[in-house]
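Worksheet for the structure shown next.
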Ligand code: HEM
């Protein structure tokens, strides 16, 4: 069967595709940063607890429920923009994954509830039960992350959709050699940013032990990730790899900017300056999200070009959306201002 015949027709979009791509990359960067801070600090807290040091897991445990809520909320935005521009691929991969994909909602609920219990019933639980609950919640989030990697890679390979027609409904993208380094790259990056989050928490609380531990994990994980990144690059199809090696100037420059920024970030990390490192981490994650977007564009090139999708030029609803973003952003900023003011009063 010709895989191209399996790709649904692209729906017309209301405004120029570049708007949605930019919003997709920006909101995805925010999603990943929060996901990293949440999951990475939970993993490090757990590793410390396994060595008998409980103070970090207790401190990050207090932050996990709001961080998880923000990760989910900031995931909705890129999901919507992804579906606007690439829905004819992403809806298909979601359907092909079937139960694996649907289970994400329930597993996420379990992890969310687990973190809430850990925070609010800490004293009422024994140590073993506490760690089992926390550990299984972390495992649940690793499952969610792996499902996202599966969906985001399966959507890129219509030539890998065939098993569905051989009677294998609900399958994962195991046959793709790029998924392993891709997922590992994401998860090692998660540990790095999680370490940075622990260090920032330490700086905020005046706890030098957290700063030291967090920066230790950040620098080690980042060095490991430079190697995993190279593995990811060489695991890509040759056509995509060559595009990053000079074949496509914008793709090559984006990756080069990401690697350069990662280098500066690492230097700031070794100087044990969490705030400066965090600023470079935001820049690095943004460039890497752009490079990841190039990976998607290049993978899909033989099947689909976003420029060919019809545009209906209905800008009215789009301006309404932008108006709500600005007004909503202003209201959130005002609420945060009131919140911090009231906290000062209480202190
Ligand atoms: C809280 C647990 C979550 C974790 C650990 C997580 C993790 C991840 C990871 C690792 C990726 C990158 C996958 C890859 O490209 O290989 C990703 C992408 C993504 N996540 Fe999340 N995610 C979580 C929750 C959510 C939720 C609840 C949503 C939506 C409601 C969401 C929306 C997205 C979207 C749309 C992308 C892809 C964006 C793009 O391709 O540009 N995530 N997530």
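Residue numbers (the numbering used here): 6 to 352.
C-beta: ideal position from N, C-alpha, C; glycine also.
Please read these numbers as outputs of a predicted model, since none were measured by experiment.
If we count the other Cβ atoms within 10 Å of its Cβ and call it buried at 16 or more, is residue 33 buried or exposed? When all chains shown are included, residue 33 counts as buried.
With C-beta atoms as the reference, is residue 49 less than 8 Å away from residue 200? Their beta carbons are under 8 Å apart, which means residue 49 touches residue 200 by this criterion.
Those runs of the alpha helix (DSSP H) which lie wholly inside the segment 197 to 256 and span at least 4 residues: Listed in chain order, the complete alpha helix (DSSP H) runs (minimum 4 residues) inside the segment 197 to 256 are 213 to 240, 243 to 247.
Are the beta-carbon atoms belonging to residue 327 and residue 195 less than 8 Å from one another? no
Using a Cβ-based criterion (distance less than 7 Å to any ligand heavy atom), does residue 100 qualify as near the ligand HEM? Checking the Cβ of residue 100 against the ligand HEM gives no.
As a quick exercise: from 73, 86, 89, pick the residue whose alpha carbon is nearest that of residue 114. 73
Going along the chain, which residues of its own chain have a beta-carbon closer than 7 Å to the beta-carbon of residue 154, five neighbours each way excluded? 184, 187, 188, 191
Return the CA-CA distance between residue 307 and residue 241, expressed in angstroms with no decimal places. 15 Å
Option nearest residue 77 by Cα separation, candidates 134, 179, 117, 248: 117
Please indicate yes or no: does the CB of residue 34 lie closer than 7 Å to some heavy atom of the ligand HEM? No.
Does the segment 132 to 148 come within contact of the segment 173 to 180, defined as at least 3 CB pairs closer than 8 Å? no
Given this structure, state the Cα-to-Cα distance separating residue 215 from residue 279, to the nearest angstrom. Taking the straight line joining both Cα atoms gives about 11 Å.
When you compare each of 253, 9, 133, 228 to residue 55 by their alpha carbons, which one comes out closest? Measuring from the Cα of residue 55, the nearest candidate turns out to be 133.
Does the segment 311 to 327 come close enough to the segment 94 to 105 that 3 or more CB-CB pairs lie under 8 Å? no
Short Cβ contact (8 Å threshold) for residue 224 with residue 275: yes
Where DSSP assigns a beta bridge to residue 316, which residues make up the other side? 18
Regarding residue 153 and the ligand HEM, is the C-beta to nearest heavy atom distance less than 7 Å? yes
Separation of residue 129 from residue 293, as counted between CA atoms: 43 Å
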